[in-house]
Amino acid sequence: MSQSLIDQIDARRDSLISLTQDLIRIPTLNPPGRNYREICDYLAERLRNSGFAVELVRAEGAIADSDAHPRWNIIARREGTRPGDCVHFNSHHDVVEVGHGWTRDPFGGELDGDRIYGRGACDMKGGLATSIIAAEAFIGAHPDFAGAIEISATADEESGGFGGVAYLAEKGYFDPTRVQHVIIPEPLHKDRICLGHRGVWWAEIETHGRIAHGSMPFLGDSAVRHMGAVLSEMEETLFPLLATKRTAMPVIPEGAKQSTLNINSIHGGEPEQAADYTGMPAPCVPDRCRIVIDRRFLIEENIDEVKAEVTAMLDRIKAERPNFHYEIRDLFEVQPSMTDKDAPVVRTVADAIRQVLNTQAGYVVSPGTYDQKHIDRIGRLKNCIAYGPGVLDLAHQPDEWIGVQDMIDSAKVMGLTLAELLLPR
Ligand SMILES: [Zn+2]
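Residue numbers (this note's numbering): 437 to 861.
Here it is, written out as structure tokens:
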């Protein structure tokens with residue numbers, strides 16, 4: 437283990453804290469996508485001062501990109517002194533809404549003991565700061581390194597990554613001829629390597645009825661009652677079926693080691709009125725009811741079979757229930773992704789965890805997706821993991837925080853990984 441590298445990281449503790457605080461203090465809320473340019477400008481200055489060549493890329497024409505809320509991304513690259521592999525750290529710079537229940541200022545970046553509080557502290561501005569400190573310390577200790585280091589901060593991960601990593605991957609930024617190793621510092625815990633994620637299928641199911649006066653429901657046909665039939669069929673057949681589908685993927689937490697389905701929303705009949713509306717509803721039989729389903733599937737499953745399961749269920753109801761009509765519309769889909777345990781970036785990070793933390797790395801798969809999907813599918817780069825400090829359960833919660841010592845330990849793992857991949861032996 438390079439002592440000078442370890443010393444360089446320990447010496448940057450204050451810099452790590454203030455960098456994390458500064459990033460939290462730029463409220464990059466998504467939606468709608470606020471202050472993306474501001475955070476990219478801040479990072480550009482920081483990384484230029486550390487010798488990186490910096491590019492700002494706006495995802496023009498991507499979903500949600502507009503002049504009011506442009507989707508800005510930053511890619512910084514520092515070349516070594518001779519040819520070699522490129523190691524890329526990718527973090528998303530957007531954060532989700534604050535929500536209720538905070539006892540700290542969500543954009544204050546308050547340091548209390550070992551913890552820094554704020555929206556995005558663990559997901560994932562702490563991880564972004566950690567990767568920057570690791571790179572700066574590594575360059576300080578080993579300025580003669582081979583290859584290149586890249587650091588990117590990208591937009592819109594929380595809303596699918598289309599104005600961020602997907603856009604950059606389409607432009608070739610994750611082409612395997614340019615980048616060989618990718619680490620995404622999402623908060624998976626400092627001693628765990630996340631190999632990938634389950635797949636996703638979102639769809640909207642609509643049942644149809646006929647509007648009539650609510651005092652004479654027999655003259656109409658209730659779309660809500662038809663949807664009730666869908667929900668009870670789900671309870672009786674679909675949920676039990678999903679519970680039997682188990683995966684060999686090391687998904688965490690335990691409950692996500694099977695196929696799952698969430699009913700994301702249900703709407704039927706008259707639209708809900710604003711909270712300040714004081715009138716009464718009008719009596720009508722609902723002629724439309726819609727649900728959005730969020731089905732998470734396993735690497736052992738095929739998306740066509742996943743969809744066929746749901747349509748078969750709906751057709752079963754249709755065969756038995758008079759006047760049952762439905763439509764189903766695909767909204768979104770993501771294939772599962774899982775990097776091989778023997779991939780170079782996995783072996784190197786596992787070795788660094790052993791050296792820094794004196795423990796065996798845990799291997800996990802995320803229940804939900806993150807930007808690895810785009811690097812895998814669009815970039816065609818398979819040598820990619822998520823590894824970073826922080827407690828996953830705190831993501832998107834009130835009083836989100838990141839531990840300073842966890843960030844320091846993680847920075848050492850990242851720094852040693854750079855040393856292993858970019859220093860000739
Ligand atoms: Zn995240």
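All C-beta atoms in this analysis are idealised placements derived from N, C-alpha and C, irrespective of residue type, glycine included. Just so we're clear, the structure is a prediction, and the values are computed from it rather than from any experiment.
So, at 7 Å on beta carbons, what are the nonlocal neighbours of residue i in its own chain, with the 5 sequence-adjacent residues on each side left out?
i      : result
Ile585 : Arg514, Val523, Ala571, Leu854
Gly851 : Leu441, Ile445, Ala570, Ala573, Phe574
Gln808 : Ile620, Gly632, His633, Ser773, Cys820, Ala822
Leu479 : Ile510, Ala589
Lys561 : Thr456, Leu459, Ile460
Val827 : Cys558, Pro623, His625
Leu817 : Phe610, Pro612, Val615, Val618, Ile811
Asn526 : Ser588, Thr590, Val601, Val618, Ile620, Asp807
Gly535 : Pro834
Gly650 : Pro719, Cys720, Val721
Ile814 : Ala602, Ala605, Glu606
Ala679 : Gln694
Ile699 : Ile727, Ile729
Ser846 : Thr566, Lys626, Gly824, Pro825
Smallest Cα separation from residue i: which of the options?
i      : options                        : result
Leu492 : Asn526, Ile629, Asn509         : Asn509
Arg905 : Ser527, Glu763, Ala582, Met716 : Limits of the chain in this structure are 437 at one end and 861 at the other, which puts residue 905 out of reach.
Gly596 : Leu465, Phe768, Arg757         : Phe768
Asp842 : Ile462, Asp550, Glu706         : Asp550
Ala692 : Asp501, Gly635, Tyr713         : Gly635
Gln833 : Arg628, Glu669, Asp712, Gly556 : Gly556
Ala744 : Glu474, Trp637, Pro676         : Trp637
Ala447 : Arg861, Glu856, Ile844, Leu830 : Ile844
Asp829 : Ala779, Gly804, Ile814         : Gly804
Thr517 : Gly815, Gly798, Phe581         : Phe581
Pro825 : Pro579, Leu678, Asp627         : Asp627
Gln694 : Ser454, Glu546, Gly704, Leu677 : Leu677
Arg482 : Val742, Ala500, Arg682, Ala565 : Ala565
Glu640 : Glu594, Leu859, Leu750, Val781 : Leu750
Gly839 : Ser438, Asp443, Leu452, Gln439 : Leu452
Asp766 : Ala797, Ile729, Ile753         : Ile729
Thr747 : Gly715, Leu674, Thr683, Val785 : Leu674
Indicate, with yes or no, if ligand 1 has a heavy atom lying under 7 Å from the CB of residue i.
i      : result
His810 : no
His528 : yes
Ala831 : yes
Asp521 : no
Met560 : yes
Tyr879 : The chain is shown only over 437 to 861; residue 879 falls outside these bounds and no answer can be derived.
Tyr823 : no
Tyr806 : yes
Glu593 : yes
Glu622 : yes
Could you tell me the boundaries of the beta strand (DSSP E) in which residue i lies?
i      : result
Arg518 : 518 to 528
Arg484 : Run containing Arg484: none in the beta strand (DSSP E); it sits in the alpha helix (DSSP H), 472 to 485.
Asp458 : Element bounds for Asp458: not the beta strand (DSSP E) but the alpha helix (DSSP H), 449 to 460.
Asp730 : 724 to 733
Tyr823 : That residue, Tyr823, is in no beta strand (DSSP E); it is neither H nor E in DSSP.
Ser668 : Where Ser668 is concerned, there is no enclosing beta strand (DSSP E), although the alpha helix (DSSP H) it sits in stretches over 659 to 669.
Ser701 : 696 to 704
Asp627 : It is not in any beta strand (DSSP E) - Asp627 carries neither H nor E in the DSSP assignment.
Ile688 : Taken as a continuous stretch (DSSP letters only), Ile688 belongs to no beta strand (DSSP E), as it is neither H nor E.
Ser588 : 582 to 590
Val615 : Taken as a continuous stretch (DSSP letters only), Val615 belongs to no beta strand (DSSP E), as it is neither H nor E.
Ala512 : 508 to 515
Ile764 : 762 to 770
Glu642 : 635 to 644
Tyr799 : 798 to 802
What are the boundary residues of the alpha helix (DSSP H) that includes residue i?
i      : result
His810 : 808 to 813
Thr566 : 562 to 577
Phe675 : 675 to 679
Val601 : 601 to 606
Asp446 : 439 to 446
Ala495 : Element bounds for Ala495: n/a, residue is neither H nor E.
Ser846 : 840 to 858
Ile753 : 739 to 756
Arg783 : 780 to 793
Sorted by chain position, which residues of the same chain lie with C-beta nearer than 6 Å to residue i's C-beta, five sequence neighbours on each side aside?
i      : result
Ala648 : Leu655, Gly656, Val721
Pro506 : Arg494
Val849 : Ala788, Ile789, Val792
Gly599 : Ala495, Ala498, Ala500, Asp501, Arg507, Ala591, Asp592
Val785 : Ile629, Tyr823, Thr853
Quick one: residues in its chain with C-beta nearer than 8 Å to the C-beta of residue i, no 5 flanking neighbours on either side, listed in chain order?
i      : result
Ala835 : In the sequence on display, residue 835 carries Asp and not Ala. Hits under 8 Å: Gly537, Trp538, Thr539, Arg540, Tyr553.
Gly544 : Ile460, Arg461, Tyr553, Gly554
Ile739 : Gly635, Trp637, Phe733, Glu769, Gln771
Do the region 781 to 790 and the region 679 to 690 meet, that is, are 3 or more Cβ pairs less than 8 Å apart? no
Is the region 462 to 472 touching the region 523 to 535 in the sense that three or more CB pairs, one from each, lie closer than 8 Å? yes
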